[in-house]
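Participant: This is the structure, below, for whatever I ask next.
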Amino acid sequence: MTQVKKICCIGAGYVGGPTCAVIALKCPHIQVTIVDLNQNRIDAWNSDELPIYEPGLDEVVKEARGRNLFFSTDVDKGIAEADLIFVSVNTPTKKSGIGAGFAADLKFLQLATRRIAEVATSPKIVVEKSTVPCRTADSMRTILEANHRPGVTFDILSNPEFLAEGTAISDLFAPDRVLIGSLQTNSGKAACAALAEVYGNWVPKDRILTVGLWSSELSKLAANAMLAQRISSINALSAVCEATGANIDEVAYAVGKDTRVGAKFLKASVGFGGSCFQKDILNLVYLAESLHLPEVARYWRAVVEMNEYQKERFSRKVVETLFNTITGKKIAILGWAFKKDTGDTRESPSISIANHFLDEKARITIYDPKVTEEQIWLDLTDEGTKSAEPIKPHISIQKSAEEACKDAEAIVVCTEWDEFKTLDWQKIYDNCPRPAFIFDGRLMLDRAALQKIGFKVTTIGTGDGL
Ligand code: UDX
Ligand code: UDX
Ligand code: ADP
Numbered sequence: 000m001t002q003v004k005k006i007c008c009i010g011a012g013y014v015g016g017p018t019c020a021v022i023a024l025k026c027p028h029i030q031v032t033i034v035d036l037n038q039n040r041i042d043a044w045n046s047d048e049l050p051i052y053e054p055g056l057d058e059v060v061k062e063a064r065g066r067n068l069f070f071s072t073d074v075d076k077g078i079a080e081a082d083l084i085f086v087s088v089n090t091p092t093k094k095s096g097i098g099a100g101f102a103a104d105l106k107f108l109q110l111a112t113r114r115i116a117e118v119a120t121s122p123k124i125v126v127e128k129s130t131v132p133c134r135t136a137d138s139m140r141t142i143l144e145a146n147h148r149p150g151v152t153f154d155i156l157s158n159p160e161f162l163a164e165g166t167a168i169s170d171l172f173a174p175d176r177v178l179i180g181s182l183q184t185n186s187g188k189a190a191c192a193a194l195a196e197v198y199g200n201w202v203p204k205d206r207i208l209t210v211g212l213w214s215s216e217l218s219k220l221a222a223n224a225m226l227a228q229r230i231s232s233i234n235a236l237s238a239v240c241e242a243t244g245a246n247i248d249e250v251a252y253a254v255g256k257d258t259r260v261g262a263k264f265l266k267a268s269v270g271f272g273g274s275c276f277q278k279d280i281l282n283l284v285y286l287a288e289s290l291h292l293p294e295v296a297r298y299w300r301a302v303v304e305m306n307e308y309q310k311e312r313f314s315r316k317v318v319e320t321l322f323n324t325i326t327g328k329k330i331a332i333l334g335w336a337f338k339k340d341t342g343d344t345r346e347s348p349s350i351s352i353a354n355h356f357l358d359e360k361a362r363i364t365i366y367d368p369k370v371t372e373e374q375i376w377l378d379l380t381d382e383g384t385k386s387a388e389p390i391k392p393h394i395s396i397q398k399s400a401e402e403a404c405k406d407a408e409a410i411v412v413c414t415e416w417d418e419f420k421t422l423d424w425q426k427i428y429d430n431c432p433r434p435a436f437i438f439d440g441r442l443m444l445d446r447a448a449l450q451k452i453g454f455k456v457t458t459i460g461t462g463d464g465l
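The sequence shown begins at 0 in numbering that gives the first Met the number 0 and counts up by one.
This is how it looks when you write it as structure tokens:
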């Protein structure tokens, strides 16, 4: 059986970076090189200021970096030296062309695959790590076989990553499962065993699942779709709670106690965000449509539609509560990341909510403990494709929650950062005009305590908020 001695990971992002840093930490006998075309990103990985915020990541990188973990922009050298290559590049939803708005854009993946074919002079195990539509491994194999040098062979594996941002390191240390998909040929099974052995250095054997390539690819989409579906289900019920006076936390608690349902992922919210859920469901919708399964496509599309509805409903509620207009009013948004403990803002509900407030001509102050001012501007200008000038007078980005809330007519909590629980709410109240409104989009604040101070509190999923 091939023994993996050198690993190369193409793509030093939220997935490739933490995953391969943990592999290096847990497998000191394997050399791990993470490569990326983006020089700034690689420089950051080689510095004390890592390019992504993830609890516990600094310690992992500090211990392994320079020992058996390396970050480099020399993609070709990384490929040439490795026995096993993770492809962990970005696969965003296509913005134009066939499948725009649904299908994954595989251009980065295909470019990386071509590079492997061109550079490799020895056999490689190529592992797709990025979330991809089903059958991508097949197209990777076609590209590799059509472009490889004589005598060089490739085995393709699918090894989707299930880590969640904010808990990436603990997820990687103790995964619920590691999934490896391979062709059921002798060489496919041998490649699968070689990768399983790498994970076997710290993951118990019964958690390493080996399946066919297509099952592995579909399982990743299915897992994310079903997780997102739970959130849309609970968010749909939160609207019923608000209309009836039931309490969504109580409902979720009661439902979650059924072991067939389980308690996790039933927290009502302003809506789910992140780079995966929406993208993966839309991939599934696109797949179902391509397979002429319109009912299946419609079913999953409803999960995303419910999420859009929830974000919109929350924004509308703010406007209605503030006597049907927020024009010229100052509104504080607390939290810009799509969840706590990450600086990632991809598909963050805060962006949609802020855009809604901007449409209503409100003035917005924003605070997030981990998101940079530069990133917030990128998010508000569609990655810099729209001019910031028209919105500049309406936006101010602050360095603390207190500053952001000063003089605000409404405070809107969008991300569940722990620090929002322990703010000096009395002091904040004293600095707000009356009536002082607070909207808890994460059901995280002590509602009774805030009401005692004098705030008018509206919480998602509770009926008596107004
Ligand atoms: C259900 C609830 O389980 C129970 O808590 C409630 O009090 C009444 O409704 P019941 O309808 O008796 O109970 O049986 P259940 O085991 O839930 O099955 C319902 C249907 O779902 C059956 O047709 C069953 O075959 C089907 N099912 C169940 C599946 O198709 N797949 C499954 O994984 C589980
Ligand atoms: C998700 C999957 O959990 C992970 O397994 C996969 O590898 C990548 O996609 P991630 O997007 O990083 O991970 O975070 P996750 O914790 O799943 O949260 C996604 C979104 O759902 C966040 O906006 C979060 O706030 C929201 N959410 C989550 C809820 O609104 N309620 C919940 O109960 C759980
Ligand atoms: P993810 O959340 O999937 O990890 P990211 O966008 O955080 O996605 O990271 C993907 C990384 O892949 C980016 O840093 C990008 O520069 C890198 N990348 C994309 N294409 C290539 C390529 N052909 N070669 C090397 N790196 C690439």
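Ideal placement from N, C-alpha and C gives every residue a C-beta, glycine not left out.
Return helix, strand or coil for residue 124, following the three-state DSSP convention.
Facilitator: Of the three classes helix, strand and coil, the one that applies to residue 124 here is strand, per DSSP.
Participant: So the alpha helix (DSSP H) residue 409 belongs to, where does it begin and stop?
Facilitator: Residue 409 -> not in any alpha helix (DSSP H); beta strand (DSSP E) instead, spanning 409-412.
Participant: Buried or exposed for residue 252, going by 16 or more other Cβ atoms inside 10 Å?
Facilitator: The residue in question, residue 252, is exposed, as its Cβ has fewer than 16 Cβ neighbours within 10 Å.
Participant: If you draw a straight line from the C-alpha of residue 30 to the C-alpha of residue 410, how long is it?
Facilitator: About 49 Å.
Participant: If you count every other CB in all the chains shown that lies within 10 Å of the CB of residue 384, and 16 or more means buried, which is it?
Facilitator: Exposed: under 16 other Cβ atoms inside 10 Å.
Participant: Under three-state DSSP, which class holds residue 180?
Facilitator: Three-state result, residue 180: strand.
Participant: With respect to 6 Å, is the separation between the Cβ of residue 9 and the closest non-hydrogen atom of ligand 3 below this value?
Facilitator: Yes, the Cβ of residue 9 comes within 6 Å of a heavy atom of ligand 3.
Participant: Determine the direct distance from the alpha carbon of residue 176 to that of residue 283, and round the result to whole angstroms.
Facilitator: The alpha-carbon atoms of residue 283 and residue 176 are separated by roughly 22 Å.
Participant: Quick one: grab the DSSP three-state call for residue 71.
Facilitator: Of the three classes helix, strand and coil, the one that applies to residue 71 here is strand, per DSSP.
Participant: For the putative contact between residue 160 and residue 14, defined by C-beta atoms under 8 Å, what is the C-beta separation to the nearest angstrom?
Facilitator: With a Cβ gap of about 5 Å, residue 160 and residue 14 count as contacting.
Participant: Curious, which full-length alpha helix (DSSP H) runs of at least 4 residues does the stretch 320-363 contain?
Facilitator: With a minimum length of 4 residues, the continuous alpha helix (DSSP H) runs that stay inside the stretch 320-363 are 348-358.
Participant: Would you call the stretch 141-152 in contact with the stretch 289-296, where contact means no fewer than 3 C-beta pairs closer than 8 Å?
Facilitator: The answer is no - the stretch 289-296 does not touch the stretch 141-152, with fewer than three Cβ pairs under 8 Å.
Participant: Identify, in the order they occur along the chain, each residue of the same chain with its Cβ nearer than 7 Å to the Cβ of residue 313, setting aside the five sequence neighbours on each side.
Facilitator: Once the five neighbours on either side are set aside, the close Cβ partners of residue 313 are 269, 352, 440, 459.
Participant: Find the nearest neighbour of residue 151 within the set 157, 115, 62, judged by alpha-carbon distance.
Facilitator: Taking only the C-alpha atoms, the option nearest residue 151 is 115.
Participant: Tell me which residues share the same chain as residue 155 and place their Cβ nearer than 6 Å to its Cβ, disregarding the 5 neighbours each side in the sequence.
Facilitator: Closer than 6 Å at Cβ, skipping near neighbours: 125, 136, 139, 140.
Participant: May I ask you to check if the CB of residue 134 is nearer than 6 Å to at least one heavy atom of ligand 3?
Facilitator: Result no, Cβ not under 6 Å from ligand 3.
Participant: Any heavy atom of ligand 2 closer than 6 Å to the Cβ of residue 466?
Facilitator: With the chain covering only 0 through 465, there is no way to say anything about residue 466.
Participant: Would you grab the beta carbon distance between residue 107 and residue 88 for me? Rounded to a whole angstrom, and I think it's under 8 Å.
Facilitator: Confirmed, about 4 Å.
Participant: How many whole angstroms separate the CB atoms of residue 299 and residue 407, which I take to be in contact at a CB cut-off of 8 Å?
Facilitator: Not confirmed; about 38 Å, so no contact.
Participant: Could you check what DSSP says for residue 52 in three-state terms: helix, strand or coil?
Facilitator: Reduced to three states, the DSSP call for residue 52 is coil.
Participant: The alpha helix (DSSP H) with residue 378 in it runs from where to where?
Facilitator: First-last of the alpha helix (DSSP H) with residue 378: 372-379.
Participant: Where does residue 465 land, buried or exposed, given buried means 16+ other C-beta within 10 angstroms?
Facilitator: At residue 465 the pLDDT is 37, less than 50, meaning the model places this residue with poor confidence and gives no usable figure here.
Participant: With DSSP as the reference, label residue 187 as helix, strand or coil.
Facilitator: Three-state DSSP puts residue 187 in a helix.
Participant: Taking only three categories from DSSP, how would you classify residue 292?
Facilitator: Of the three classes helix, strand and coil, the one that applies to residue 292 here is coil, per DSSP.
Participant: If I'm right that residue 7 touches residue 102 with Cβ under 8 Å, what's the distance once you round it to whole angstroms?
Facilitator: Wrong, their Cβ atoms sit about 28 Å apart, outside the cutoff.
Participant: Along the chain, which unbroken stretches of the alpha helix (DSSP H) at least 4 residues long are found entirely within the stretch 149-174?
Facilitator: Counting only runs of 4 or more, we get 167-172.
Participant: Do residue 279 and residue 90 have their C-beta atoms within less than 7 Å of each other?
Facilitator: Contact: no.
Participant: Check for me: the alpha helix (DSSP H) holding residue 101 runs from which residue to which?
Facilitator: It is not in any alpha helix (DSSP H) - residue 101 carries neither H nor E in the DSSP assignment.
Participant: I need the boundaries of the alpha helix (DSSP H) containing residue 395, first residue and last residue.
Facilitator: Counting along the chain, residue 395 falls outside any alpha helix (DSSP H), though it belongs to the beta strand (DSSP E) covering 394-396.
Participant: By a C-beta neighbour count over all protein chains shown, 10 Å radius and 16 as the cutoff for buried, is residue 244 buried or exposed?
Facilitator: Exposed, by the Cβ-count rule.
Participant: Per DSSP, residue 83 is paired with what?
Facilitator: BP columns for residue 83 point to 6, 124.
Participant: Answer yes or no: do residue 348 and residue 391 have a C-beta to C-beta separation smaller than 7 Å?
Facilitator: No, Cβ-Cβ distance for residue 348 and residue 391 is not below 7 Å.
Participant: Measure from the alpha carbon of residue 355 to the alpha carbon of each residue in 158, 422, 326, then state which is nearest.
Facilitator: Ranking 158, 422, 326 by Cα distance to residue 355 puts 326 first.
Participant: Starting from the Cα of residue 51, find the closest Cα among 78, 63, 11 and give me that residue.
Facilitator: Among 78, 63, 11, the Cα nearest to that of residue 51 belongs to 11.
Participant: Alpha carbon to alpha carbon, what distance is there between residue 247 and residue 233?
Facilitator: Spanning the two alpha carbons is a distance of roughly 8 Å.
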